[in-house]
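Notes follow once the structure below has been shown.
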Amino acid sequence: MSHEDQKLDELLRSVEVPSDLHARLRAQLLEQASTVSNNRLQLESQISDAVQLQPKEKPSKQSQNRLQRQTWWIMAIAASLLMVVGGAVWWKTNHSPAGKIDSEIAFMSTTRVDPNASPTQEAPDRSAIEELDRQITAQKMLLLELERQEMEQRIEVAKHELVKLQAKPQLSDSSLTLAVVAETALKAGASPQVIREDLEFVIERFPNSAGANMAGQILAALN
Amino acid sequence: MEPPQTDQRLLEAAIEAHADSMYRVAFRLTRDRERADEIVQETFMGAWKGIRSLKDPDKIKSWLFGILRNQFYQSIERNKRILKTEALQDPVAPDSNPTDLQEQVQQALAELDEDQRLPILLVSMEGWSIEEAAETLGIPKGTVLSRLHRGRQKLKEILTRELELKPE
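This is the structure:
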């Protein structure tokens, strides 16, 4: 190599290098390594957390809403069914004639149960029960009508008796009069308690009188 | 991925062995200390990230200088964009009469072709072997030699007066 070449190389080489270049480069490497290490630890931690939380993850808002809608519909349908069934049972028990008959039959079957009867005994025929119910209802109506007619007859008798009694001489004895009135009222269908009080009043107020005697007889008959 | 401790130590050793040389080359290429510093730092950052691609640790020097060269080219592209913007904003005329010898060397180097400058810097300035320069630059040894010869001749022509003026 010539002298000129050596001079040239020296000249080229004569570049001042910063004294802290090595330190800065080493620090840069360490910082980079530290940053990457921290990032890696952070990522690992996040992944670990995510893995741990995954089974406990809440359902999404969409699935929650869907679940709520489904639950609401199920509850609504169940409530409707319950109301319909409950209403039907209540109606059958309290209003339906067949239900009454069923109840009576059930009551009769419990009160007159055959100890040897099988629990799987067949239920009575529905049409027969309905027919029986109609007959019972008709008989009840007939009884009510008879009672009404009898009451009207008693009132008429009482009125007639009063008219006749007013003309009798025994009416001067007020106690007897009261007793006869009480007897008449009794015949007219008044309450026995009221009649009994009237009779007791006659006996108390007019003792040893004909009216008190008659009142005693009526009371004995009432008791 | 983080390099293992052995790779970290390998890079730290490379800093001790080659960082000065890399800085000088970067400075001669860029003619700017700040840019040279930046290129060396980026070179080692690139090396840190790509240390796994280094198959033979004995060739770390040429591997590092290959990264440095790429960083330099990238910085040229970045600088071109910056210079375009700066030129539009505040055009500055280049120094046509440098007085300092180092400045003259820098200017002479800048006048060399790109393919001549790197062999000069690696072999003449940093004392690399022809084989190392050929491997790093990815060209045959004969090409390195011819580019080196032409580059030296041109530099000498530029700096003859200065070299004669400052004899040993």
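Protein chains in written order, with this note's numbering: chain B, 4 to 226; chain D, -12 to 155. Quick reminder that beta carbons are idealized off the backbone N, C-alpha and C, glycines included.
When the options are compared against residue i, the one with the closest alpha-carbon
i, options, result
"Phe204 of chain B", "B:Ser5, B:Glu34, B:Ala81, B:Val184", "B:Val184"
"Asp102 of chain D", "D:Val92, D:Gly37, D:Thr123, D:Ser116", "D:Thr123"
"Arg(-4) of chain D", "D:Ala34, D:Val92, D:Arg65, D:Val27", "D:Ala34"
"Leu14 of chain B", "D:Gln91, D:Gln140, D:Asp100", "D:Gln91"
"Glu25 of chain D", "D:Ser49, D:Glu113, D:Ala6, D:Ile117", "D:Ala6"
"Leu51 of chain D", "D:Asn66, D:Val27, D:Arg65", "D:Val27"
"Gly125 of chain D", "D:Asn66, D:Ile54, D:Gln93, D:Glu21", "D:Ile54"
"Arg16 of chain B", "D:Asp87, D:Asp43, D:Lys46, D:Ser111", "D:Ser111"
"Arg20 of chain D", "B:Thr38, B:Val39, B:Val20, B:Gln31", "B:Val20"
"Ser133 of chain D", "D:Thr147, D:Leu146, D:Ile117", "D:Ile117"
"Gln93 of chain D", "B:Pro210, B:His6, B:Ser51, B:Asp12", "B:Asp12"
CB contact flag (residue i, residue j, <8 angstroms)
i, j, result
"Thr17 of chain D", "Gln58 of chain D", "no"
"Ala157 of chain B", "Ala213 of chain B", "Checking the sequence, you will find Arg at residue 157 of chain B rather than Ala. Contact flag unset, no."
"Leu142 of chain D", "Ala95 of chain D", "yes"
"Ala156 of chain D", "Tyr10 of chain D", "Nothing can be reported for residue 156 of chain D, as the shown portion of chain D is limited to -12 through 155."
"Glu164 of chain B", "Thr140 of chain B", "no"
"Arg139 of chain D", "Leu105 of chain D", "no"
"Glu3 of chain D", "Lys48 of chain D", "no"
"Ile221 of chain B", "Ala215 of chain B", "no"
"Ala193 of chain B", "Ala218 of chain B", "no"
"Glu144 of chain D", "Ser8 of chain D", "no"
Where residue i sits in the DSSP three-state scheme
i, result
"Val184 of chain B", "helix"
"Pro78 of chain D", "Low local confidence applies: a pLDDT of 44 at Pro78 of chain D is under 50, so the model's placement there is unreliable, with the coordinate-based value given in what follows. It is coil, neither helix nor strand."
"Gly37 of chain D", "helix"
"Lys190 of chain B", "helix"
"Lys10 of chain B", "helix"
"Ser83 of chain D", "Bear in mind that a pLDDT of 49 at Ser83 of chain D, under 50, signals an unreliable position, so the number given afterwards is only what the model happens to contain. Here Ser83 of chain D sits in coil by DSSP."
"Trp115 of chain D", "coil"
"Ser22 of chain B", "coil"
"Ile50 of chain B", "helix"
"Lys5 of chain B", "Note that residue 5 of chain B is Ser in the sequence shown, not Lys. If DSSP states are grouped into helix, strand and coil, Ser5 of chain B belongs with coil."
"Leu142 of chain D", "helix"
"Asp100 of chain D", "coil"
"Arg29 of chain B", "helix"
"Leu152 of chain D", "Annotation note: pLDDT 46 at Leu152 of chain D (below 50); position unreliable, coordinate value reported separately. Three-state result, Leu152 of chain D: helix."
"Leu17 of chain B", "In the sequence as displayed, the identity of residue 17 of chain B is Ser instead of Leu. In this structure, Ser17 of chain B counts as coil in the three-state DSSP scheme."
"Asn97 of chain B", "helix"
"Pro195 of chain B", "helix"
"Asn211 of chain B", "coil"
"Pro44 of chain D", "helix"
"Arg18 of chain D", "coil"
"Ile126 of chain D", "coil"
"Asp3 of chain B", "The structure shown does not extend to residue 3 of chain B, since chain B is modelled only from 4 through 226, so no value can be given for it."
"Asn216 of chain B", "helix"
"Asn226 of chain B", "coil"
Residues near residue i by beta carbon distance below 6 angstroms, same chain, minus five either side
i, result
"Leu108 of chain D", "Val12, Arg15"
"Ala131 of chain B", "none"
"Thr147 of chain D", "none"
Own chain, CB closer than 8 angstroms to residue i, minus 5 neighbours either side, in chain order
i, result
"Leu(-2) of chain D", "Pro(-10), Phe31, Ala34, Trp35, Ile38"
"Ala121 of chain D", "Pro127, Lys128, Thr130, Val131"
"Leu99 of chain D", "Ile107, Gly138, Lys141, Leu142"
"Ile77 of chain B", "none"
"Gln9 of chain B", "none"
Proximal residues to residue i (C-beta, below 7 angstroms), its chain only, five neighbours per side dropped
i, result
"Asp(-6) of chain D", "Ile38"
"Arg199 of chain B", "Leu222, Leu225"
"Trp115 of chain D", "Leu109"
"Leu41 of chain D", "Ile47, Trp50"
Chain-ordered neighbours of residue i on chain C, where CB pairs are closer than 8 angstroms
i, result
"Lys48 of chain D", "Of the protein chains in this structure, namely B and D, none is chain C."
Original post:
Quick one, which residues of the stretch 7 to 20 of chain D are near chain B if we go by CB-CB under 7 angstroms, in chain order?
Top reply: Asp7, Tyr10, Arg11, Phe14, Arg15
Original post:
Listed from N- to C-terminal order along the chain, which residues in the stretch 21 to 49 of chain B have their beta-carbon within a distance smaller than 8 angstroms of any beta-carbon of chain D?
Top reply: For the stretch 21 to 49 of chain B, the set of residues with a beta-carbon nearer than 8 angstroms to any beta-carbon of chain D comprises Pro21, Leu24, His25, Arg27, Leu28, Arg29, Gln31, Leu32, Gln35, Ala36, Val39, Ser40, Arg43, in chain order.
Original post:
If you measure beta-carbon to beta-carbon, which residues of the stretch 67 to 82 of chain B are closer than 7 angstroms to chain D?
Top reply: none
**OP:** Return the residues of the stretch 134 to 148 of chain D that lie within a Cβ-Cβ distance of less than 9 angstroms from chain B, sorted by chain order.
**Re:** Arg139, Leu142, Lys143, Leu146, Thr147
**OP:** Give, in chain order, every residue of the stretch 4 to 20 of chain B whose Cβ lies closer than 8 angstroms to some Cβ of chain D.
**Re:** His6, Glu7, Asp8, Lys10, Leu11, Asp12, Leu14, Leu15, Arg16, Ser17, Val18, Val20
**OP:** Mind checking the stretch 39 to 68 of chain D against chain B and listing, in chain order, the residues whose C-beta falls within less than 8 angstroms of any C-beta there?
**Re:** none
Original post:
Using a Cβ cut-off of 7 angstroms, which residues of the stretch 110 to 128 of chain D contact any Cβ in chain B, in chain order?
Top reply: For the stretch 110 to 128 of chain D, which is checked against every Cβ of chain B, the residues closer than 7 angstroms are Ser111, Met112.
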